[in-house]
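A short worksheet on the structure shown next.
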Amino acid sequence: MPGRSPKGLHVTEPIQTAPKAHDRPKTPRWQRRLFRSPLALAGFVFIGFFVFAAAFAPFVSPYNPLQQNLRGIYVPPMRVEFRGPQGQPGLWVREVTRSPLGQLEVGQQLYQIRFFVRGEPWVWWGGLLRSDLRLFGVDGPIRFHLLGSDEQGRDILSRLAHGAWISLSIGLIAVAIGLFVGVPVGLVSGYFGGSIDLVAQRVVDVMLSFPGILLAIVLVATMGTGLTNVMIAVGIAAIPVYARLVRGSVLSLRDREFVEASRALGNRNSRIMLKHILPNALSPIIVQSSLQMAVAILFAAGLGFLGLGARPPDPEWGLMLARGREYLATAPHVATFPGLAIMFVALGFNLLGDALRDALDPRSLR
Amino acid sequence: MTTYILRRLLIVIPTLLGVLLVVFLMVRLAPGDPAQLLAGEFATPETLADIRERFGLDHPWHVQLGVYLVNVVQGDLGESVRTRRPVTYELANFFPNTVRLTLAAMLVALLVGIPAGVIAAIRPGTAVDLLVMLGALIGVSMPVFWFGLMAILIFSVQLGWFPVAGAGTVWHLVLPAIALGTSTAAILARMTRSAMLEVLSQDYIRTARAKGLAGRVVVFKHALRNALIPVVTITGLQFGGLLEGAVITETVFAWPGIGRLLVDSILARDYPVVQGAVLLIAVAFILINLVVDLLYGAIDPRIRYD
Amino acid sequence: MRLKLLAALVMVLGLSVALAQPRTLIVAQGTDPVTLDAHLAIDAPSFTVIYQVVETLFTYTPEGRIEPNLVERFSFSPDRRVLTLTLRRGITFHDGTELNSEAVRFNLERLVAPETAATFAFLLRGRVTAIETPDPLTVHLRMPEPFAPILSHLAHGSTGIQSPTAIRRLGAAYRDNPVGTGPFRFDRWQKGQFVELVRNDNYWGTRPAIERLRFLAVPEGTTRMALVETGQAHVAVRVPPHDVPRLRARPELNVVTTPSVRTIYLFFNHSKKPFDDVRVRRAINHAINKEEIVNFVLGGFGRVSDAPISPGVFGYTAIGVHAFNPSLARQLLAQAGFNAQNPLRFTLSFPTGRYLQDVRIAETIQSQLRAVGVQVELQTMEWGAYLAFTNLPRERSQFQVAMLGWGTVTGDADYGLFPLFHTTQHAPRGSNRSFYSNPRLDRILDQARVATNPQAREQLYRSAMQIIFNDAPWVFLHSEQQVTAIRREVQGVIVHPTEMLILSGASFRTGAER
Chain H
10 MPGRSPKGLH VTEPIQTAPK AHDRPKTPRW QRRLFRSPLA LAGFVFIGFF
60 VFAAAFAPFV SPYNPLQQNL RGIYVPPMRV EFRGPQGQPG LWVREVTRSP
110 LGQLEVGQQL YQIRFFVRGE PWVWWGGLLR SDLRLFGVDG PIRFHLLGSD
160 EQGRDILSRL AHGAWISLSI GLIAVAIGLF VGVPVGLVSG YFGGSIDLVA
210 QRVVDVMLSF PGILLAIVLV ATMGTGLTNV MIAVGIAAIP VYARLVRGSV
260 LSLRDREFVE ASRALGNRNS RIMLKHILPN ALSPIIVQSS LQMAVAILFA
310 AGLGFLGLGA RPPDPEWGLM LARGREYLAT APHVATFPGL AIMFVALGFN
360 LLGDALRDAL DPRSLR
Chain R
946 MTTYILRRLL IVIPTLLGVL LVVFLMVRLA PGDPAQLLAG EFATPETLAD
996 IRERFGLDHP WHVQLGVYLV NVVQGDLGES VRTRRPVTYE LANFFPNTVR
1046 LTLAAMLVAL LVGIPAGVIA AIRPGTAVDL LVMLGALIGV SMPVFWFGLM
1096 AILIFSVQLG WFPVAGAGTV WHLVLPAIAL GTSTAAILAR MTRSAMLEVL
1146 SQDYIRTARA KGLAGRVVVF KHALRNALIP VVTITGLQFG GLLEGAVITE
1196 TVFAWPGIGR LLVDSILARD YPVVQGAVLL IAVAFILINL VVDLLYGAID
1246 PRIRYD
Chain B
501 MRLKLLAALV MVLGLSVALA QPRTLIVAQG TDPVTLDAHL AIDAPSFTVI
551 YQVVETLFTY TPEGRIEPNL VERFSFSPDR RVLTLTLRRG ITFHDGTELN
601 SEAVRFNLER LVAPETAATF AFLLRGRVTA IETPDPLTVH LRMPEPFAPI
651 LSHLAHGSTG IQSPTAIRRL GAAYRDNPVG TGPFRFDRWQ KGQFVELVRN
701 DNYWGTRPAI ERLRFLAVPE GTTRMALVET GQAHVAVRVP PHDVPRLRAR
751 PELNVVTTPS VRTIYLFFNH SKKPFDDVRV RRAINHAINK EEIVNFVLGG
801 FGRVSDAPIS PGVFGYTAIG VHAFNPSLAR QLLAQAGFNA QNPLRFTLSF
851 PTGRYLQDVR IAETIQSQLR AVGVQVELQT MEWGAYLAFT NLPRERSQFQ
901 VAMLGWGTVT GDADYGLFPL FHTTQHAPRG SNRSFYSNPR LDRILDQARV
951 ATNPQAREQL YRSAMQIIFN DAPWVFLHSE QQVTAIRREV QGVIVHPTEM
1001 LILSGASFRT GAER
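Residue numbers (this note's numbering), protein chains in the order written: chain H, 10 to 375; chain R, 946 to 1251; chain B, 501 to 1014.
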């Protein structure tokens, strides 16, 4: 059993799929199964939440994520009151500042929170989206920090929203790098076998010798820190995972009748690989990509945490957490929220990946 | 079987060479100047020249590679730029702590993961099962550095139950081991559950049940034993995962292990130590996989190597 | 029953033994020492440990004076080119080796020897060219030209006098087993965790009251504070500013602040436009609110710089501060041709984790400069890469404005000014990384090196610093203050401006005194 390397197990179990049927129903069964699963739904909700926050980060954020306020540093999440000065209903807050000596000072006056307000103008999507509309804001000369402020008095909610953009882009680009390099390598390696396979698998072996984040750490240590390098490093770390996975699927497919038939008809190798083998090896790739998003986001945050990833003042979650760690005893909220964000986004992709696996794997039909 | 072992051993050689090459190149391609680093703000050109010469940084890179390979084969990993001690000495000082932490974390993972998986498998589809599986998913989704910080915040800073960080007593080991073991526990729980479900649906278990054997006997005597085979494999492989997690956990808990040494050395551009630590982790990982691969055949008689 | 009694007795006895045991003074430091060889050390945690074990010929007191230490007497020849030292009689190293003139020569020669590759070799290299030892207690140091700061250089920790026998015998292992003449002897070093020292009962000076010292390596500020709060350590260095209010509120802790000789500054690359224009340099100086940085970022634990060097350094005088004045800054920028249509943009490079709150300082400066219409991009890199990046020769130099700190660790203005501002010291030759040059200043700094009269030297440094102030090659930010948390049951711990701890006079208070 050449494909029986236990290594595949800690990635994702290779899934045997039946060859694609020619008479497809309108909605494939796996999709129907996916949308019925409560786990998948939870996954979609988490992911959707963060995708929305990332896509419309400035709209969701009450402030510019880099806007500092040294008179309000590491202010804890602010208390919202439901009665105004004269007892009128609504959402109200008081000003909270911190003195140079570190004492919190809470103001007397109540200010109202309003939704869909005009605030500081913003530009997003490289200039495609311009507005000054913000989801909520406070009516008055104070700063309202729903999730508190960090050590420079920056709004944590705004930083988390912009951080969602960073984390999701790192995840997407890293997975894309893994896919675009790893899948072809696995395909060619598994299909042709022989010396190509031997060489490719030795390279993959070397990459897999650096467990998990270590490969990313090694790459970042080589290339230097910064967001671009983190994307590349985490992406490269995903390549061997895909190469192994796809090779495993290809090995189980290449001697099947429909492939033999295609070969007998005189089809070219590239056509056979792309038309017959790849579509049938797609399910585990899809599952893996969802799980890999979670892994990539965790790796990127881990690098940021170690000081080997994003650089200040980037609102990257891992970096925010690392800096919040210094204030753990005084202001635990600074480290708590970025950690929760990382966890929920990773949980979302893990839930989705699991649900996809269940939906796509015919064995789980029972 | 013997040919398989031989072949498996032979494959390790090019892998090791590749790892060595990567480790060497990584350091040559990196930005920054190690000599400058050692000299600090107070550098004079003479000092820089002295340091370059002392650490062989003034030779062309292929010469350095040759020297490096020869030295590694002889067990000489060079000298730390920062402390000027042999790298092997530094590694020998820090690695045992990592082994200790990894073993403790594995213990946590086994004690939590396997029972949780068994419980979930006995009652598939129930609330207990869902809870365990959700817990396991959260376990793998939770960044270890955050979990570690929260554990420090709650159990050390606020409750004062455990030392804040550092090493020395068994108490120092508790929180890092739990933090590091959590994701492995989650993976083991998932693996145990699916293996148990697989086994419980087999004919012989149905037969055993039909024969009227008590549920507990069936589960523990027959099912668990067979289900443990893949779990043992995963456990072996997870040592590698723990080594990886140790890099971050050690930084969080100021645990004097190889991971913290690695991160500190990267930040300080202490190239020889970075090389040595990465090499050690990679080699440890390769060896673990090799042993697991070979044991796999020994444990599971169904597997035949051709 | 009898057994139980016995057990109880044993317990009581055990307890009383435990109580009678000598208490170890535990110090939580930022990092593990890098080396314990005085000649090779470069970082404060290493020097702090070495300081207890190895002594120097002269000593730089916390009050800023240079005093003889291992030396009984010293004198200069009339031409000031020969320094004669007479050693104290009867001092032995911890291994029994006698401290004599040969030992001194061995140590000073080892420091400057190329094979030692010591960072601090420059303290003596080229300045002392011959060492003679006419008798066991006399040393002649010959200098090619008079060099006024020589005594302060001989007070620097890296010129520590260590046992030649031990160095020869242990070779490379010496750095893990230092042998000096100090009040404490090296005991053991658990790498990455702690170093332990024991009292030197044969110490030539006053015998310390503390029997054992332990230096813990705790890089995380939060952790270090938790250790001293819970009593797992007695002294914790580098208290993060935001933890001070909490620690102050605890009756069992003393929070001590001590000025440091380290000055933090931004420097302009004079080889890049528009930073060759003094108006731009002054504008930025006026646009940065240093008080705000000190008060809000450092929690008040700093001192706005009023000179390129800090108080406590010989030659310091207050010169002045470029006052925070945004409208003047805008005016100067406008004169230099920058306005809203053509804003000044530049990249500020800074290191991460090297100086107290370095990242936050850079972020604050970025936001302050935005207020006068200057757009700053932040760039940070790892310390090693950063040093190399700012140390390139003029032609290849890329940075525009960068942040560094300079500790005048010798306690003499020469070391705080000459390497940083003299034209001959342009990077990478010296530490003048801004490529600043002013011939008048060069002449003054040269004179101050050879002048013999301390008053005359102080006068020269005053005029030198006035020139520097007017030319504004730097943004003078602040000098750091060291904040140390010490448990009340410990007394006599002295924090030195060079970021070291003096522990020979420390002791535990008895119950009554508490």
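Beta carbons are placed, not taken as given, at the ideal position from N, Cα and C, and that holds for glycine.
Beta carbon proximity, T339 of chain H to chain B, threshold 8 Å: yes
What does the Cβ neighbour count give for P569 of chain B, buried or exposed, with the cut at 16 atoms within 10 Å? According to the sequence as given, residue 569 of chain B is Asn; it is not Pro. Buried.
For E752 of chain B and chain R, any beta-carbon pair shorter than 8 Å? no
Is there a C-beta anywhere in chain A that falls below 8 Å from the one on G233 of chain H? The structure shown contains no chain A; its protein chains are H, R and B.
Whole runs of the alpha helix (DSSP H) within the segment 295–372 of chain H, excluding any shorter than 4 residues: 326–333, 342–369
Interface flag, I1150 of chain R vs chain H, CB-CB below 8 Å: no
Less than 8 Å between the CB atoms is what I'm expecting for F850 of chain B and L844 of chain B, so what's the real figure, rounded? Contact flag wrong, Cβ pair sits at about 18 Å.
Under three-state DSSP, which class holds Y765 of chain B? strand
By the three-class DSSP mapping on this structure, what secondary structure does D1148 of chain R have? helix
Identified DSSP bridge partners for M1000 of chain B: B:H996
In angstroms, rounded to a whole number, what distance separates the CA positions of D743 of chain B and N1042 of chain R? 31 Å
Throw me the rounded Cβ distance for the G1058 of chain R and A1122 of chain R pair, which I believe falls under 8 Å. Actually they do not touch by this definition, with Cβ atoms about 14 Å apart.
Closer than 8 Å, CB to CB, is G116 of chain H near chain R or not? no
Segments of 4+ residues assigned as alpha helix (DSSP H) that fall wholly inside the segment 696–767 of chain B: 721–729, 744–748
Whole-Å CB distance - L878 of chain B paired with P322 of chain H, under 8 Å assumed: 6 Å
Suppose the cutoff is 7 Å on Cβ atoms and the five residues either side in sequence are ignored; what does the same chain contact list for R688 of chain B look like? E696
Residue span of the beta strand (DSSP E) that contains S108 of chain H, given as start and end: S108 of chain H -> no beta strand (DSSP E), and no H or E assigned at all.
Please report whether the beta-carbon of T556 of chain B lies at a distance below 8 Å from any beta-carbon of chain R. no
Segments assigned alpha helix (DSSP H), at least 4 residues, entirely inside the segment 131–191 of chain H: 165–186
Decide if P220 of chain H is buried, meaning its Cβ has at least 16 other Cβ atoms within 10 Å, or exposed. buried
Please state if the CB of A209 of chain H and the CB of A252 of chain H are separated by a distance shorter than 8 Å. yes
Which bits of chain H does S1086 of chain R rub up against, with CB to CB less than 9 Å? A303, L307, I351, M352, F353, V354, A355, L356, G357, F358, N359, L360
How would you call P341 of chain H, buried or exposed, if buried means at least 16 neighbouring beta carbons within 10 angstroms? buried
Please report whether the beta-carbon of W1006 of chain R lies at a distance below 8 Å from any beta-carbon of chain H. no
Let me see if you follow: with CB-CB separation under 8 Å, is A1227 of chain R close to chain H or not? yes
R277 of chain H: contacting residues in chain R (beta-carbon distance under 9 Å): The contacting residues do not exist; R277 of chain H stays about 31 Å from chain R at best.
Residues of the segment 650–676 of chain B whose Cβ lies closer than 7 Å to any Cβ of chain R, in chain order: R675
Comparing alpha-carbon positions, which option in B:A709, B:T616, B:R738 lies nearest T723 of chain B? B:R738
Can you tell me which of the three DSSP states V89 of chain H falls into? coil
Within a Cβ cutoff of 8 Å, which residues of the same chain sit near E1143 of chain R, ignoring the five residues on either side of it in sequence? A1172
Among B:L540, B:D942, B:I819, B:P644, the one whose alpha carbon lies nearest that of A618 of chain B: B:L540
With distances taken from CA atoms, which of H:G99, H:L100, H:G116 is nearest R107 of chain H? H:G116
Collapsed DSSP secondary structure at E877 of chain B in the structure displayed: strand
Consider the Cβ of I241 of chain H: report whether some Cβ of chain B lies at a distance smaller than 8 Å. no
Please list the partners that P1031 of chain R has in chain H, where partner means a Cβ-to-Cβ separation under 7 Å. Simply none; closest approach about 21 Å.
Residue closest to I226 of chain H, alpha-carbon to alpha-carbon, out of H:R88, H:G311, H:V69: H:G311
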